[in-house]
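Count along the sequence shown from 1, then add 1; that gives the number in the numbering used here.
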Amino acid sequence: MTLLRRLPNLLFDFGGVIININYQLTLEAMRQFSAAGSTIEFNQQHQSDLFDRMETGRLSPAEFRDGLRQGYELTGTDEELDAAWNAMLLDVPADRLALISELRAQGHQTALLSNTNHIHIEEINRRLATTYGFEHGIADALDRVFYSQEVGLRKPGDDIFHHALREMNWKPEETLFIEDSFQHIETARRLGLQTLHLAPPLTLTEALPAAIRAFTPATA
């Protein structure tokens, strides 16, 4: 019996993995619209219910802005608040997109699993169209995308992982999850996925090829 090495399915997080982000830039930008110097409750480890509801599609962008104004006494216009909210979004390096393209050409199936929201995705897609000519945003670079605000679920909950695996017809043990937030890595590991914790200063192009080589499942 010959054992054949199976190419792992690749499940990517977005922020901090494919796109560079800096949460502090949004905290600082939002504080400029607070007379009391309030800090919004949003970072990589924790966020308030306002952001949870935005990321699961239970708030419209207009309701989210009103929530910022009421909850944190912010005074910015819609455009100013959107700009402050988007301040955390940095660049999508070309070498990361090239790596994903190469891996797809090798036969890897790919998908995105992202906690995100309509304001961020609209801005990211605009930048990807301008920089790379993508017509459908990051979806042009992958086989499938799963956005929390469209699915109505978010990481680190089990259900959004189950949803993505079911939709892709993937087995957990045949899937490598690439993520920068450890609480999401913990859920993936518990559900049987192999993981790559992309903690700074690691980058996708530096760490992913080695993680794929170390991926062990085999089939007869």
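For every residue, glycine included, the Cβ atom is placed at its ideal position computed from N, Cα and C.
- Along the beta strand (DSSP E) that carries N10, what are the first and last residues, could you check? 10–13 is the span of the beta strand (DSSP E), which, as asked, contains N10.
- Item | Same chain, Cβ closer than 7 Å to N23, neighbours up to 5 away in sequence not counted | Answer for N23: M89, L91, listed in chain order.
- Message: For a test of the three-state rule: what should DSSP assign to I161, helix, strand or coil?
- Response: I161: helix per DSSP, three-state reduction.
- Minimum C-alpha distance to P9 - residue among S61, M169, T132: Among S61, M169, T132, the Cα nearest to that of P9 belongs to M169.
- Task: Compare the Cα-Cα distances from Y148 to each of F162, L177, N116 and report the closest residue.
- Result: Comparing alpha carbon positions, the residue from F162, L177, N116 closest to Y148 is N116.
- What separation, rounded to the nearest whole angstrom, lies between the Cα atoms of P218 and I122? Here the C-alpha atom of P218 lies approximately 34 Å from the C-alpha atom of I122.
- Do you know how far the Cα of V93 is from the Cα of G138? Whole-angstrom Cα-Cα distance: 11 Å.
- Quick one: is D50 buried, meaning 16 or more other Cβ sit within 10 Å of its Cβ, or exposed? Answer is exposed; the Cβ neighbour count stays below 16.
- 9 Å Cβ cutoff met for G153 and R214: No. Outside cutoff.
- For V152, the three-state DSSP class (helix, strand or coil): In the structure shown, V152 sits in a helix (DSSP, three-state: H, G or I).
- Message: Helix, strand or coil, according to DSSP, for E136 in the structure here?
- Response: For E136, the secondary structure class from DSSP, reduced to helix, strand or coil, is coil.
- CA-to-CA distance, F13 to R167, given in whole angstroms: Distance between R167 and F13, taken at the CA atoms: about 16 Å.
- Query: If we call anything under 9 Å between Cβ atoms a contact, is I125 one with I41?
  - Reply: No, the Cβ-Cβ distance between I125 and I41 is not below 9 Å.
- Presumed contact (8 Å Cβ cut-off) between R128 and T206, rounded CB distance: Contact between R128 and T206 fails: their C-beta atoms lie close to 20 Å from each other, not under 8 Å.
- Message: Suppose the cutoff is 6 Å on Cβ atoms and the five residues either side in sequence are ignored; what does the same chain contact list for F43 look like?
- Response: Excluding positions up to five away in sequence, the list reads F52.
- Which residue's Cα is closest to the Cα of A84: F15, L177, P62? The closest CA to that of A84, considering only F15, L177, P62, is found on P62.
- Could you tell me the boundaries of the alpha helix (DSSP H) in which F52 lies? Start and end: 50–56.
- Cα-Cα separation, L114 to R155: Note on geometry: alpha-carbon atoms of L114 and R155 lie some 9 Å from one another.
- Message: Can you check which of these residues, A142, S39, A212, is closest to Q71 by C-alpha distance?
- Response: Q71 has its Cα closest to that of S39, out of A142, S39, A212.
- Query: Looking only at DSSP bridge pairs, what is R191 linked to?
  - Reply: Paired residue(s): none; R191 is not in a bridge.
- Within the same chain, show all residues whose beta-carbon is closer than 8 Å to that of A130, passing over the 5 residues directly before and after it, in chain order. For A130, where only same-chain residues beyond five positions count, the Cβ hits under 8 Å are E136, G138.
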